[in-house]
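Trainee: Can you keep this structure in mind? I'll have questions shortly.
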Amino acid sequence: MVNAGELLKDIVSELPGAMIVHKDEWGADTFLVGGKIFAMNGTNKTGQTILTVKGLPSDNEELVELNTAISPGYYMNKTHWISILLEDESIGAPIIEKCLKQSYQLIYDKLTKKMKAEINEG
Numbered sequence: 135m136v137n138a139g140e141l142l143k144d145i146v147s148e149l150p151g152a153m154i155v156h157k158d159e160w161g162a163d164t165f166l167v168g169g170k171i172f173a174m175n176g177t178n179k180t181g182q183t184i185l186t187v188k189g190l191p192s193d194n195e196e197l198v199e200l201n202t203a204i205s206p207g208y209y210m211n212k213t214h215w216i217s218i219l220l221e222d223e224s225i226g227a228p229i230i231e232k233c234l235k236q237s238y239q240l241i242y243d244k245l246t247k248k249m250k251a252e253i254n255e256g
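Residues are numbered in our numbering as their position in the sequence shown, beginning at 1, plus a constant of 134.
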């Protein structure tokens, strides 16, 4: 099993302008770029640790079909978001990294030119 907390921090540290902010009211860490959420790390209704990320609908559908540890987004739009059960041994670091980076890119690409310039400068 992957040490998800450390892995997520390592991945986010490589993404320009990305930050992790804990939301007490949600009991979850939010992953932000340009003030917009691209992922959340928290627990589902049964207390299992999940990472919820944005993805392309066709990719999300395929991931959900191929892996029982991936489900439509918990408390999110079920077409555009998926939740990854981090405690499942079938989930490896490459899947987590790919999904997190893709989610970041989808959100980053929708930012204004000004916001992107500020991120790339800093």
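Don't be surprised by glycine CBs; every beta carbon is placed ideally from N, CA and C.
The model shown is predicted, which means the values in this text are computed figures rather than measured ones.
What residue range is occupied by the uninterrupted beta strand (DSSP E) comprising Ile-171?
Mentor: It spans 170-177 - the beta strand (DSSP E) in which Ile-171 sits, taken as one unbroken run.
Trainee: Does the beta-carbon of Thr-186 have 16 or more other beta-carbons within 10 angstroms, so that it is buried, or is it exposed?
Mentor: Per the 10 Å Cβ criterion, buried.
Trainee: Restricting to Cα atoms, I'd like to know which of Gly-189, Leu-200, Gly-207 is closest to Val-236.
Mentor: Note on residue identity: the sequence assigns Gln, not Val, to residue 236. When only C-alpha atoms are compared, the closest one is Gly-189.
Trainee: Can you give me the Cβ contacts of Leu-245 inside the same chain, cut-off strictly under 6 Å, excluding the 5 residues immediately before and after it?
Mentor: Same-chain partners within the cutoff: Gly-168.
Trainee: Just verifying my parser: in three-state terms, what is the DSSP assignment at Ser-224?
Mentor: It is coil, neither helix nor strand.
Trainee: According to the neighbour-count rule (16 or more other Cβ atoms, all chains shown, within 10 Å of its Cβ), is Ser-217 buried or exposed?
Mentor: The residue is buried, with at least 16 neighbouring Cβ atoms inside 10 Å.
Trainee: Identify whether Leu-245 lies in helix, strand or coil by the three-state DSSP scheme.
Mentor: In the structure shown, Leu-245 sits in coil (DSSP, three-state: anything other than H, G, I, E or B).
Trainee: In the structure shown, what three-state DSSP assignment does Glu-148 receive?
Mentor: Three-state result, Glu-148: coil.
Trainee: What are the boundary residues of the alpha helix (DSSP H) that Leu-219 is part of?
Mentor: Not the alpha helix (DSSP H): Leu-219 falls in the beta strand (DSSP E), residues 215-219.
Trainee: Using a Cβ-Cβ cutoff of less than 6 Å, which residues in the same chain neighbour His-214 once the five nearest sequence positions on both sides are dropped?
Mentor: These residues qualify, in order along the chain: Lys-188.
Trainee: Can you give me the C-alpha to C-alpha distance between Thr-164 and Lys-157, rounded to a whole angstrom?
Mentor: Rounded to the nearest angstrom, the two C-alpha atoms are 7 Å apart.
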